[in-house]
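Residue numbers (the UniProt record's numbering): 1 to 274.
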């Protein structure tokens with residue numbers, strides 16, 4: 001077995017066995033972010049601690065494609081919910097420092113000598129972290145610009161921000177209050193855009209909607225039915241408890257072919273192609 005690969009495997013096992021200590025050290029490093037973890041989870045359904053463990057696996061195992069895709073997903077999620085970028089930067093830098101702290105602990109515990117490979121190891125890990133940050137910020141900036149342009153149109157032309165993420169998949173982030181008038185605009189724009197752009201999958205993110213009246217929900221289900229008639233699958237993400245409760249009490253439900261996922265990130269993981 002390649003020594004470098006063997007070292008990575010053993011290091012990953014060491015990190016998994018000490019995951020709780022890793023979290024404790026990470027929270028000590030991330031001074032400003034640790035008090036915002038619950039808020040970020042509530043606002044954007046973003047689990048910083050779980051995502052930190054995922055990022056570490058990608059870095060140690062050198063899963064470059066998975067790391068790039070994860071960075072893109074994170075960038076879109078943070079842009080969608082307008083979360084302060086300084087928290088992300090501090091969090092990732094804290095992850096970097098914590099990884100190196102545990103590498104030192106692992107070497108002290110096992111007596112592994114990495115002196116000859118240290119500079120290569122340093123370059124490998126730090127390049128992976130930097131690659132994640134670079135892809136994250138590009139994704140954030142690109143999607144944020146699209147959101148700003150779409151929201152400007154929404155104000156100027158009462159448009160609907162349908163944002164393409166590849167040739168066949170688009171995101172429709174529904175943000176703010178939704179009444180019967182706005183659902184009429186949604187209906188017109190969604191069906192028109194499906195016809196013009198040949199959208200095959202429309203991810204409708206409702207995490208920005210705290211509540212909707214039953215008649216509005218009913219109209220929304222009809223829009224989804226119309227999209228299905230045109231050959232477009234709709235994926236609903238981020239449904240709030242209040243909305244679901246009203247649907248249940250009103251006897252409303254989506255078409256069985258309509259997929260629902262808890263968060264936008266879950267949909268992106270499934271439909272975003274790197």
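Virtual Cβ for every residue (Gly too), placed ideally from N, Cα, C.
Asked                                                                                                                                                                               : Found
Assuming residue 205 and residue 172 are in contact, meaning their beta carbons sit under 8 Å apart, how far apart are those beta carbons, in whole angstroms?                      : 7 Å
Could you give the DSSP three-state label for residue 263: helix, strand or coil?                                                                                                   : coil
Tell me whether the beta-carbon of residue 29 lies closer than 8 Å to the beta-carbon of residue 142.                                                                               : no
Within 10 angstroms of its Cβ, does residue 249 collect 16 or more other Cβ (buried), or is it exposed?                                                                             : exposed
Considering only the alpha carbon of each residue, which of 269, 237, 212 lies closest to residue 246?                                                                              : 212
Can you tell which of 53, 38, 31, 41 has the C-alpha that lies nearest to the C-alpha of residue 17?                                                                                : 53
Taking all protein chains shown into account, do 16 or more other C-beta atoms lie within 10 angstroms of the C-beta of residue 201, making it buried, or fewer, making it exposed? : buried
For residue 158, name the three-state secondary structure that DSSP assigns.                                                                                                        : Interpretation of residue 158 is limited by its pLDDT of 49, a score under 50 that renders its predicted location unreliable; the figure taken from the coordinates is listed afterwards. Note: residue 158 maps to coil in three-state DSSP.
Flag this pair as yes or no: are the beta carbons of residue 49 and residue 23 separated by less than 8 Å?                                                                          : yes
Please look up how many angstroms separate the CB atoms of residue 136 and residue 74, rounded, as I've assumed it's under 8 Å.                                                     : 5 Å
Assuming residue 258 and residue 203 are in contact, meaning their beta carbons sit under 8 Å apart, how far apart are those beta carbons, in whole angstroms?                      : Actually they do not touch by this definition, with Cβ atoms about 12 Å apart.
If you follow the beta strand (DSSP E) that residue 204 is in, where does it begin and where does it stop?                                                                          : 201 to 208
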